[in-house]
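Engineer:
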Amino acid sequence: MAIANTSGAMQNARVDSAVSTVSSQLRLARMVAISMRRNVLVTIDTDPSGPGNVQHINYQVVAANGEPEQPVQTAELPSGIQFIVETGVPDTPMQFGNSAAISFSSNSSTDNSQMQFTPLGAFTDGNGDVLNGTIFIGAPDTPNTARAVTVLGGVGSVQRYTWSGANWAQ
Numbered sequence: 012m013a014i015a016n017t018s019g020a021m022q023n024a025r026v027d028s029a030v031s032t033v034s035s036q037l038r039l040a041r042m043v044a045i046s047m048r049r050n051v052l053v054t055i056d057t058d059p060s061g062p063g064n065v066q067h068i069n070y071q072v073v074a075a076n077g078e079p080e081q082p083v084q085t086a087e088l089p090s091g092i093q094f095i096v097e098t099g100v101p102d103t104p105m106q107f108g109n110s111a112a113i114s115f116s117s118n119s120s121t122d123n124s125q126m127q128f129t130p131l132g133a134f135t136d137g138n139g140d141v142l143n144g145t146i147f148i149g150a151p152d153t154p155n156t157a158r159a160v161t162v163l164g165g166v167g168s169v170q171r172y173t174w175s176g177a178n179w180a181q
């Protein structure tokens, strides 16, 4: 019995670490965009069958004319943790949608191919349209590990949520 409880606690700790990584990377990307007065691109690698089954969240400062390309800053999710929408777990209180593990949309588009923080701290798509959305995280087929990070695009606010089995808590 103790082994089962320890295993669940370790899995929850890995998921908590992953949600901290994602929210920290997003907040850092926003801070860099504001402080450097540059757009900062955000990309998310969601292929669990990729090298080492590791998933990443990345950001990169968009270089100004004549500047060298900036390096990509990458953070990995812990092993066994994925960007995933758990079956039976509803959308967060922000109600941005849970049709996909990475669910962002603007009033004019649902294209997540270019997500970025602007120098004013907003989160937008490549056209400059504000993106609101949610990144869902968890251990596959384990609904009690569901976590989420939402971004309120107009102000770039990043919020963390944990699924309790009955509701989302901040």
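Under the numbering used here, the first residue of the sequence shown is numbered 12, with each subsequent residue one higher.
Backbone N, C-alpha and C fix where the C-beta goes; we use that ideal spot for every residue, glycine too.
Who does residue 86 pair with in a DSSP beta bridge?
Structural biologist: In DSSP, residue 86 forms a bridge with 68.
Engineer: Measure the C-alpha to C-alpha separation of residue 174 and residue 25 and round it to an integer number of angstroms.
Structural biologist: In a straight line, the C-alpha of residue 174 is about 15 Å away from that of residue 25.
Engineer: Based on the DSSP output, what are the partners of residue 51 in its beta bridges?
Structural biologist: BP columns for residue 51 point to 72, 128.
Engineer: How do the segment 79–90 and the segment 158–175 stand: do at least 3 beta-carbon pairs fall below 8 Å, yes or no?
Structural biologist: With a cut-off of 8 Å, the segment 158–175 and the segment 79–90 do not count as touching, because too few Cβ pairs lie within range.
Engineer: Please confirm whether residue 109 and residue 145 have their CB atoms less than 8 Å apart.
Structural biologist: Their beta carbons are under 8 Å apart, which means residue 109 touches residue 145 by this criterion.
Engineer: Mapping DSSP to helix, strand and coil, what is residue 142?
Structural biologist: If DSSP states are grouped into helix, strand and coil, residue 142 belongs with coil.
Engineer: Grab me the residues of residue 69's own chain with a C-beta within less than 6 Å of its C-beta, minus the 5 sequence neighbours each way, in chain order.
Structural biologist: Once the five neighbours on either side are set aside, the close Cβ partners of residue 69 are 54, 83, 85.
Engineer: For the beta strand (DSSP E) holding residue 173, just list the boundary residues, first then last.
Structural biologist: Residue 173 -> beta strand (DSSP E) spans 168–174.
Engineer: DSSP has residue 93 in a bridge; who is on the other side?
Structural biologist: 149.
Engineer: Flag this pair as yes or no: are the beta carbons of residue 107 and residue 148 separated by less than 8 Å?
Structural biologist: Cβ atoms of residue 107 and residue 148: not closer than 8 Å.
Engineer: Does residue 49 pass the burial test, meaning 16 or more other C-beta atoms within 10 Å, or should it be called exposed?
Structural biologist: The residue is buried, with at least 16 neighbouring Cβ atoms inside 10 Å.
Engineer: Would you tell me roughly how many angstroms separate the C-alpha atoms of residue 179 and residue 23, rounded to the nearest one?
Structural biologist: One C-alpha to the other measures close to 15 Å.
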